[in-house]
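**Q** Those protein sequence lines, which keep their order, are chains A, B and C.
Under my numbering, the letters of the first sequence match residues 1 to 409, in that order.
Under my numbering, the letters of the second sequence match residues 410 to 818, in that order.
Under my numbering, the letters of the third sequence match residues 819 to 979, in that order.
C-beta: ideal position from N, C-alpha, C; glycine also.
Shown below is the structure under consideration.
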Amino acid sequence: QIRGPRLEVVRPVTIPEGETNPAVWGLAFPREYQTWLRTKEGRKTLFAGSIPYDKLEEDPRLRILWEGYPFAVEYGEDRGHAYSVEDVLKTKRIQVLAQKRGGSAPGTCWTCKSADVPRLMAEMGPANFYATPFEQLRERIQHPVSCANCHDPKTMAPTIKHVALQEALQKMGKDIHNLSRQELRILTCAQCHVEYYFAKEPKDYLVFPWEKGTRFEDIEAYYNERNFADWVHPSTGVPVVKFQHPEFELYTANSTHYLAGVACADCHMPFVIEGGIKYTSHQAASPWYRMEQACGTCHLDIPFIRKRVEIIQTITKGLQDAAEVALVEAIEALKAIKDNPNADPKLAEEARTLFRKAHMRWDFVSAENSLGFHNPQEAMRLLAESINFARQAQLKAIQALQRPQARVP
Amino acid sequence: QIRGPRLEVVRPVTIPEGETNPAVWGLAFPREYQTWLRTKEGRKTLFAGSIPYDKLEEDPRLRILWEGYPFAVEYGEDRGHAYSVEDVLKTKRIQVLAQKRGGSAPGTCWTCKSADVPRLMAEMGPANFYATPFEQLRERIQHPVSCANCHDPKTMAPTIKHVALQEALQKMGKDIHNLSRQELRILTCAQCHVEYYFAKEPKDYLVFPWEKGTRFEDIEAYYNERNFADWVHPSTGVPVVKFQHPEFELYTANSTHYLAGVACADCHMPFVIEGGIKYTSHQAASPWYRMEQACGTCHLDIPFIRKRVEIIQTITKGLQDAAEVALVEAIEALKAIKDNPNADPKLAEEARTLFRKAHMRWDFVSAENSLGFHNPQEAMRLLAESINFARQAQLKAIQALQRPQARVP
Amino acid sequence: MRATIYWGIGGLVGLLIAAGLGWLLLNPQGLSAYLTDRPEACNNCHVMNPAYEGWFHALHRRAAVCNDCHTPHDFPAKWSVKFLKGIQHVYFYTTYQIPPQIRADAVTRRIVQANCVRCHFNTVSTQTGLLEGERFCFDCHRTVAHGERRSIAFSPLIERR
Ligand SMILES: [Ca+2]
Ligand SMILES: [Ca+2]
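Now the structure itself:
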């Protein structure tokens, strides 16, 4: 008994192949199931948590920055895995998408929302799955993000079930069949907590833009190479990109905890002990209300650690707001030169390029869900660059309207 | 017994009251003396270290940013305590100051350079000491920064000998006679590694600008309240402030290590073992080449820790360069509106105010000697703000020359 | 008179029974072993596992067992602490009041500090500051006793990059 508690997976019941109902898995693993059910519990934390609220109401600048894109219609605070199906059905973004695309939203939106997806993918084949209308797939979807998304029912080892991640890792030359356990404790999350886009061909095919790497600059280069844009920002006419939850990308960009070998699951699914049995809490949520378990393994002084989190997030929030103000002012300036014959074309073009860079950097950090904590230095670097580029965009736009001789270098 | 037996430092030789020669103290404390002597050894680290080089050559932007101030004539990399007298005598800044002030540099420049200062202060009285010309004090100065600056020869406890710090702490209502050991391990350094300015009245009186607090914003408010400026930046006509080595101020602004109770001496004067005896290494220098000792008791994995330091400093350096570029471009724009009747006075004034804010924030971080390590979040926050203000200054300056109707909000 | 004797005997028997029951109740939780200095005694309680694990892999296993650090070393103090801490731990244990993170309390820290000094007196004898107990040895020597990670939720998985 020298090595202390070991993880013996006791299994009275066997789980039928292709079973997706967490309640059934729960018969074999009641503790994991019970804690997973608790992803329904919700509390507000300093900046995040699980109480849904309208982020657009709280910060009206977002409507200006996402003008013309579904996110400008609704963007909410996320909550636990057990709500994933309910919330994707509720969101206005789906209706907007349906309208835009003449009646039906892309089936791809289901990919990260349900335990039934891996099975359906196997049955239908990915391309076919993605191309099927959202509403049509709906009948075949039953269970929210749960056991079948992350586990192989035979070994119960965390497993990469998600086609888009399998493809992305293969492209990067990683063998998904020999990953260390700690890597899996990160990559099971990277199935969904990553930036993604829908390819045009095959229709609405889900792709992770990692061909050049997973750092922000790699992803930017990948998109620029393809002149990719999610939409053209109407009042500036600049083609921009919408980022979504790049938790994995930010965290793995040399953050302290990543380099220290810490995994997502260490903080968001800490081990807990119940009557002598040690198991993984499946209540994936903010560590805020259980830092003793989530952080205490490595940090003795929890009040100190909590204070540092508050400081890091508050400072990041400050820079994020400053970046938004700069971007909004840049938009004002860019409006004035849009389709304006008097505007100097070279300067106008420079202004638009700078705006795209600034918008991308800000959106990457603001879409990430830890408000900088996962990687304070990287988040602050990107926000500082965003401010720098946004101000320069504003400047060039204004100069584009000056009579040449008045122009100062 | 709980607190462990209180033990007098073994002292074969007694140190005569008012003795300032480290060699004499060294008879009583050979180990501390020998390690202090090693502050003469010098090595380059990634961004700092102890090999003197001309920072103005390495980064020509500095000449533009400090134009018209002695630092634009010479600014070198600092080195060990044993060189303090030699280096202050060598620097061209002294000659420049002498010229500017008709023949003699202020005696105040000696305050943080020699072990003889506490004695001289006692004999002459502070006001008198500061007012005495630099050259005249020279004869009475013998020893560089050493024992007498930090210790009471009777108890050998670290002690605050520095009048300016005593006065600053008293103003802040701190009793310098009951400070914890850990506070002293920081405050002995805060005698010198702090921002300072020379008051006009009493002549060249040394003051630490902490009346409102020691955070950057407190110091800025203090200076603004007094419309204080070290000099007027010639080509922009903006009155600005030169910051010097605010190590203490940056470090204590909620840095992770400060909140964790770590002191300067922990990292810069780590304990070392010699023949089973443990003593404080007095080779105050960059921890770079002895992280095993300086960091190793708290951090097991030194390669990991070193990598993080490199990442933090490299990212900070990137933002610092970006801030300098923004400031230089702002200067170009401000030149064009200086004494320019066509420039809109309101916008021109706004531009100058923004430039002062940007310049102060950048200079505070660049004068600090850890390139962000002492407090990564705070350093990056100030640099991001500096960039933001510098770009806005540039913008307003350019707008000040536009014909009103062309102006965009 | 007789009554008092009866009462006396009765009380005595009662006490013996109580003691016996107490023993039966508590022995499984390592009460008897608790009288020794064997680390395994502490480890009787699974909640001590992480501490034991950490100690086992940390540097001091070669030099010190739990009680070398966690109990004072002058006779009366040692046994009074053993008694009180024993009660404390058994109480919390049997009443299932196990905190999410078990942490050393103020008393323990002072005891441990004194023991660091006890063994390393020569090494640190020049450190007037340190010996005054304003700062604990283990503020810096964070890992010599229990290693890097210590908690109920001890995670054996972390591998540095
Ligand atoms: Ca949430
Ligand atoms: Ca140096």
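Listed from N- to C-terminal order along the chain, which residues in the region 874 to 899 of chain C have their beta-carbon within a distance smaller than 9 Å of any beta-carbon of chain A?
**A** So the close ones are F874.
**Q** Go through its chain and collect everything with a Cβ distance to I746 of chain B's Cβ below 6 Å, but skip five positions before and after it.
**A** A752, A757, A806 and A809
**Q** Compute the beta-carbon to beta-carbon distance between T20 of chain A and D116 of chain A, rounded to the nearest angstrom, for a pair I have assumed lies under 8 Å.
**A** 5 Å
**Q** Under 8 Å, Cβ to Cβ, is there at least one residue of chain C near E292 of chain A?
**A** Output row for E292 of chain A: interface = yes.
**Q** For chain C, is any of its Cβ atoms less than 8 Å away from the one on V422 of chain B?
**A** So no, V422 of chain B is outside the interface.
**Q** Could you check if R79 of chain A belongs to the surroundings of ligand 1, using beta carbon to heavy atom distance under 7 Å?
**A** R79 of chain A: yes, Cβ under 7 Å from ligand 1.
**Q** Would you say the beta carbon of S459 of chain B is closer than 7 Å to some non-hydrogen atom of ligand 2?
**A** yes
**Q** For I315 of chain A and chain B, any beta-carbon pair shorter than 8 Å?
**A** At least one chain B Cβ lies under 8 Å of I315 of chain A.
**Q** Against chain B, which members of the region 376 to 407 of chain A pass a CB distance test of less than 9 Å?
**A** P376, Q377, E378, M380, R381, L383, A384, E385, I387, N388, A390, R391, Q392, Q394, L395, A397, I398, Q399, L401, Q402, R403, A406 and R407
**Q** Answer with yes or no whether the minimum CB distance from A308 of chain A to chain B is below 8 Å.
**A** The residue asked about is misnamed: residue 308 of chain A is Arg in this sequence, not Ala. True, the Cβ-Cβ gap to chain B drops below 8 Å.
**Q** Taking all protein chains shown into account, do 16 or more other C-beta atoms lie within 10 angstroms of the C-beta of G512 of chain B, making it buried, or fewer, making it exposed?
**A** exposed
**Q** With a threshold of 8 Å, are at least 3 pairs of Cβ atoms found where one atom belongs to the region 251 to 268 of chain A and the other to the region 83 to 97 of chain A?
**A** no
**Q** Express the C-alpha separation of F637 of chain B and F538 of chain B in angstroms, rounding to a whole number.
**A** 23 Å
**Q** Within the 8 Å Cβ cut-off, does Q919 of chain C reach chain A?
**A** yes
**Q** On a Cα-Cα basis, can you pick out the residue from B:Q801, B:M678 and B:R761 that is closest to V325 of chain A?
**A** Of the candidates B:Q801, B:M678 and B:R761, B:Q801 places its Cα closest to the Cα of V325 of chain A.
**Q** For I277 of chain A, list the residues DSSP reports as bridge partners.
**A** A:E274.
**Q** Return the Cβ separation of D363 of chain A and F198 of chain A in integer angstroms, given the expectation that the two are a contact with Cβ distance under 8 Å.
**A** At roughly 17 Å, the Cβ-Cβ gap does not stay under 8 Å, so D363 of chain A and F198 of chain A are not in contact.
**Q** Taking the Cβ atom as the reference point for each residue, do R790 of chain B and I315 of chain A lie within a distance shorter than 8 Å?
**A** yes
**Q** Could you spell out the range, first to last residue, of the beta strand (DSSP E) harbouring H959 of chain C?
**A** Counting along the chain, H959 of chain C falls outside any beta strand (DSSP E), and DSSP gives it neither H nor E.
**Q** If you draw a straight line from the C-alpha of R306 of chain A to the C-alpha of F216 of chain A, how long is it?
**A** 28 Å
**Q** If we require 3 or more residues per run, which beta strand (DSSP E) segments fall completely within the region 508 to 534 of chain B?
**A** none
**Q** Kindly indicate if chain C contains any beta-carbon less than 8 Å away from that of T706 of chain B.
**A** yes
**Q** State yes or no: is the C-beta of T706 of chain B within less than 8 Å of the C-beta of D613 of chain B?
**A** Taking C-beta atoms as the reference points, T706 of chain B and D613 of chain B fail to come closer than 8 Å.
**Q** So what's Y197 of chain A in DSSP terms, helix, strand or just coil?
**A** strand
**Q** Where does H642 of chain B sit, in a helix, a strand or coil, going by DSSP?
**A** Here H642 of chain B sits in strand by DSSP.
**Q** At 8 Å on the CB atoms, spell out the chain A contacts of V727 of chain B, in chain order.
**A** Per the sequence shown, residue 727 of chain B should be read as Gly rather than Val. The contacting residues are R381.
**Q** Within 8 Å (strictly less), CB to CB, does K609 of chain B reach chain C?
**A** Taking Cβ atoms only, chain C never reaches closer than 8 Å to K609 of chain B, which makes this a no.
**Q** Using the rule of at least 16 other Cβ atoms within 10 Å of the residue's Cβ for burial, across every protein chain shown, is R452 of chain B buried or exposed?
**A** exposed
**Q** With 8 Å as the threshold, decide whether the Cβ of L169 of chain A is near any Cβ in chain C.
**A** no
**Q** Could you have a look at V650 of chain B and say whether DSSP puts it in helix, strand or coil?
**A** coil
**Q** Ignoring anything shorter than 3 residues or poking outside the region 10 to 60 of chain A, list the beta strand (DSSP E) runs there in chain order.
**A** Those beta strand (DSSP E) runs which fall completely within the region 10 to 60 of chain A and span 3+ residues do not exist here.
**Q** Find the residues of chain D that neighbour V908 of chain C, judging by a C-beta separation of less than 7 Å, and give them in chain order.
**A** Included in the structure are the protein chains A, B and C, with no chain D among them.
**Q** Of the residues that make up the region 251 to 277 of chain A, which ones have a beta carbon closer than 7 Å to any beta carbon in chain B?
**A** N254, T256, L259 and A260
**Q** Just the C-alpha distance for E966 of chain C and F271 of chain A, rounded to the nearest angstrom, thanks.
**A** 17 Å
**Q** Using Cβ-Cβ distances below 9 Å, what residues of the region 587 to 605 of chain B are close to chain C?
**A** Answer in chain order: S589, R590, Q591, L593 and R594.
**Q** Could you tell me whether any Cβ in chain C is nearer than 8 Å to the Cβ of L300 of chain A?
**A** yes
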